[in-house]
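Enquirer: The structure's right below; bear with me while I get my questions together.
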Amino acid sequence: MCLIGQTQAQNGVVQGSFGYYQDAIRFAQNRLGASARMQGIGNAATAIGGDISSAAINPAGLGYLQRSEISFSPAFSLLGSTSTYNLENGTFPTDEAKLNFNIAQFGGAFVLPSKNTSAYKG
C-alpha cells in the first residue's frame with residue numbers, strides 16, 4: 056500500500072512540473088533596450104519620469120523633461136549556461152556561452168520653450 060502511494064506521489068510531481076519549462080525560459084530572458092538608469096532599477100520603466108528610454112512604455116513620462124537630451128546606451132552581455140540532463144539512456148551535459156554587443160537604446164527628446172504666460176499649466 057505504501058509503495059503504491061509513493062509511486063502516485065512521484066508521478067504527480069513529474070506531471071505537475073512538466074509545463075513549467077516555458078516559465079523558466081520566459082524569466083531567463085534578458086531584455087535589452089533601455090538606458091543604464093532604467094536597467095539600474097530592474098527595467099521598471101513606468102516608474103521613471105523624464106527618461107528617454109521609457110518613452111515606448113510610458114510616453115507621458117517625457118512631460119517631466121526639463122531640458123533636451125540625447126541618449127545612447129551600448130550594451131555588452133556575456134551569458135552562460137551549464138546543465139545536465141538525466142535521461143533514460145544516459146546523462147547529457149551541456150555547456151553554452153554567448154557573447155553579445157549591441158546598441159540597447161538610442162534616442163533624443165527636445166524640449167521647446169512654452170509661450171504660454173497664463174498661470175494655468177494644464
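Counting in my numbering, the sequence shown runs without a single skipped number right up to 177 at its last residue. In this text, a Cβ means the ideal position worked out from N, Cα and C, and glycines have one as well.
(1) Taking the beta carbon of T62 as the centre, do at least 16 other beta carbons fall within 10 Å, making it buried, or is it exposed?
(2) If you follow the alpha helix (DSSP H) that G95 is in, where does it begin and where does it stop?
(3) Within a Cβ cutoff of 7 Å, which residues of the same chain sit near Q160, ignoring the five residues on either side of it in sequence?
(4) Enumerate in chain order the residues of its own chain whose CB-to-CB distance from I80 is below 6 Å, with the five nearest sequence positions on each side excluded.
(5) I need the DSSP call for L120, collapsed to helix, strand or coil.
Expert: So, from the listed chains and residues:
(1) Reliability fails at T62, whose pLDDT of 49 lies under 50, so the model's placement of it is uncertain and the value that follows must be treated cautiously. Answer is exposed; the Cβ neighbour count stays below 16.
(2) In this chain, the alpha helix (DSSP H) harbouring G95 covers A91 to G95.
(3) Short of 7 Å from the beta carbon of Q160, and not among the five residues preceding or following it, lie these beta carbons of its own chain, in chain order: G88, A89, S90, S108, S126 and S128.
(4) Cβ neighbours of I80 beyond the five flanking positions: none.
(5) Reduced to three states, the DSSP call for L120 is coil.
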